[in-house]
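Student: Its first residue numbered 1, the sequence shown is counted upward by one per residue in this note's numbering.
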Amino acid sequence: MFQCWARLRPWRLEASSALWGRSLAGSPRPPSNCLSQVASSGRRPVWRSCPFWTVGDFCLSVPASQPALILWRPSSQGRSWGPRPEPHYPLRTRLLVFSIITLQLVLAWLYFKSEKEKQDKQKRIEELRKVAVGQGNFQLVDHTGRACSKEDLKGSWILLYFGFTHCPDICPEELEKMSRVVNMLDADPKLPRLQPIFITVDPERDTVEAVAKYVKEFHPRLRGLTGTPEQVKETGRSYRVYYSTGPKDEDNDYLVDHTVILYLLAPDGRFLDYYNRYKTDVKIAENIRGHMTTYKSLLT
1 MFQCWARLRP
11 WRLEASSALW
21 GRSLAGSPRP
31 PSNCLSQVAS
41 SGRRPVWRSC
51 PFWTVGDFCL
61 SVPASQPALI
71 LWRPSSQGRS
81 WGPRPEPHYP
91 LRTRLLVFSI
101 ITLQLVLAWL
111 YFKSEKEKQD
121 KQKRIEELRK
131 VAVGQGNFQL
141 VDHTGRACSK
151 EDLKGSWILL
161 YFGFTHCPDI
171 CPEELEKMSR
181 VVNMLDADPK
191 LPRLQPIFIT
201 VDPERDTVEA
211 VAKYVKEFHP
221 RLRGLTGTPE
231 QVKETGRSYR
241 VYYSTGPKDE
251 DNDYLVDHTV
261 ILYLLAPDGR
271 FLDYYNRYKT
281 DVKIAENIRG
291 HMTTYKSLLT
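1. Ends of the beta strand (DSSP E) at residue 183?
2. Count the other C-beta atoms from every protein chain shown that fall within 10 angstroms of the C-beta of residue 193, then say buried if there are 16 or more, exposed otherwise.
3. CB-CB under 8 Å to residue 133, same chain, minus the five flanking residues each way: which ones, in chain order?
4. Starting from the C-beta of residue 205, find all residues in its chain whose C-beta is less than 8 Å away, skip the five residues before and the five after it, and write them out in chain order.
5. When we look at the beta-carbon of residue 161 and count the other beta-carbons within 10 Å, is it buried (16 or more) or exposed?
6. I need the straight-line Cα distance from residue 385 to residue 138, nearest angstrom please.
7. Could you check whether the region 116-126 touches the region 187-201, counting it as contact only if at least three pairs of C-beta atoms, one from each stretch, sit closer than 8 Å?
8. With H, G and I counted as helix, E and B as strand and the rest as coil, what does DSSP make of residue 229?
9. Quick one: using the 10 Å Cβ neighbour count with 16 as the cut-off for buried, is residue 196 buried or exposed?
10. In three-state DSSP terms, what is residue 236?
11. Is residue 266 buried or exposed, if buried means 16 or more other CB atoms sit within 10 Å of its CB?
12. Do you know whose CA, among 170, 226, 247 and 153, lies nearest residue 208's CA?
13. Under a three-way DSSP split, which group does residue 149 fall into?
14. Could you give the DSSP three-state label for residue 224: helix, strand or coil?
15. Specify, as a first and last residue, the run of the beta strand (DSSP E) that residue 200 falls within.
16. Return the residue from the list 236, 251, 98 and 176 that minimises the CA-CA distance to residue 217.
17. Consult DSSP for residue 255 and reduce its assignment to one of helix, strand or coil.
18. Considering only residues of the same chain and omitting the five flanking positions on each side of residue 33, which have a CB-CB separation below 6 Å?
19. Measure the Cβ-Cβ separation of residue 292 and residue 109 and say whether it is below 8 Å.
20. Comparing C-alpha positions only, which one of 198, 123 and 252 sits nearest to residue 236?
In structure tokens form, the structure reads like this:
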């Protein structure tokens, strides 16, 4: 006679290692040679087991005359008697999750990049303010004979260069580069106009007439400034421009050694940036464009 009892909740049957390491749960019928000897392992006893099978919600065992001990434990998987299958997500769901993660990473990278650029720009501004270049006013004369001061230049973006008309190579190259920068920025109608300014460091030879003839060779908006040696010296000192007159030759000709730098001035007359001779016209134009687009925020 078989014993049977009702199963109150789902259980999973674990066969002992004496049953060849296989679970017999769900077998359609009891196998032959059901009896096995009692044995034990190092960790847990291996119970004498017997054939069994399930019918509906009932478990059947061998007759009571042949008692068998079978290990049972609750199953966390409800009525599932096999291993829990791996979850399968549709391709669309996986692509959506991947896209969201990628977007978050990109946004985080853009945020940190923007913050770093802001910090670098602010650091650059603080460094330029400490330099205190272009402080004070100056009084010069332009190539048309009109008086020109720093106050007269306020309200316009200024790209300033110090040189002299007898310069054989460097000054013409820098003024040509300045002209290209102005043309690049003029091509963008959204940007304000940039006014190029040339200030001589050789006032003894660079008269109003000489400067007027010289600036015609470059950009049509180029404005040349000259003055007395004292006025030019004071202006150069304001922008920390070094210049020194070399020895004269037999023709009473000489060269002037001077600082080769382009200065960018804001509409309020404040010095913003500078560019040496190794800075390309494209890089200079990009930098000036950045200053122009962020100028209002820099004033606050």
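Heads up, the beta-carbon is just placed ideally off N, CA and C, and yes, glycines get one too.
Bear in mind that the values here come from a model prediction, so they are computed numbers and not experimental data.
Tutor: Let's see:
1. Where residue 183 is concerned, there is no enclosing beta strand (DSSP E), although the alpha helix (DSSP H) around it starts and stops at 170-186.
2. Counting Cβ neighbours within 10 Å, residue 193 comes out exposed, since fewer than 16 surround it.
3. Correct list, in chain order: 238, 239, 240, 263, 271 and 274.
4. The residues are 164, 165 and 166.
5. It counts as buried.
6. The shown model of the chain, from 1 to 300, leaves out residue 385, and the question about it has no answer.
7. Taking a contact to require three or more Cβ pairs closer than 8 Å, the region 116-126 and the region 187-201 do not qualify as touching.
8. DSSP, reduced to helix, strand and coil, places residue 229 within a helical segment of the structure shown.
9. Buried is the call here.
10. Three-state result, residue 236: helix.
11. Looking at its Cβ environment, which holds 16 or more other Cβ atoms inside 10 Å, residue 266 is buried.
12. Taking only the C-alpha atoms, the option nearest residue 208 is 226.
13. Per DSSP, reduced to three states, the secondary structure at residue 149 is strand.
14. DSSP places residue 224 in the strand class (E or B) of the three-state scheme.
15. Its beta strand (DSSP E) spans residues 194-200.
16. It is 176.
17. Residue state, collapsed to three classes: coil.
18. For residue 33, the predicted model reports a pLDDT of 49, less than 50, meaning its position is unreliable; a value from the coordinates is still stated below. For residue 33, same chain residues with a beta-carbon under 6 Å away, outside a window of 5 residues either side, do not exist.
19. No, the Cβ-Cβ distance between residue 292 and residue 109 is not below 8 Å.
20. Comparing Cα positions, the closest option is 198.
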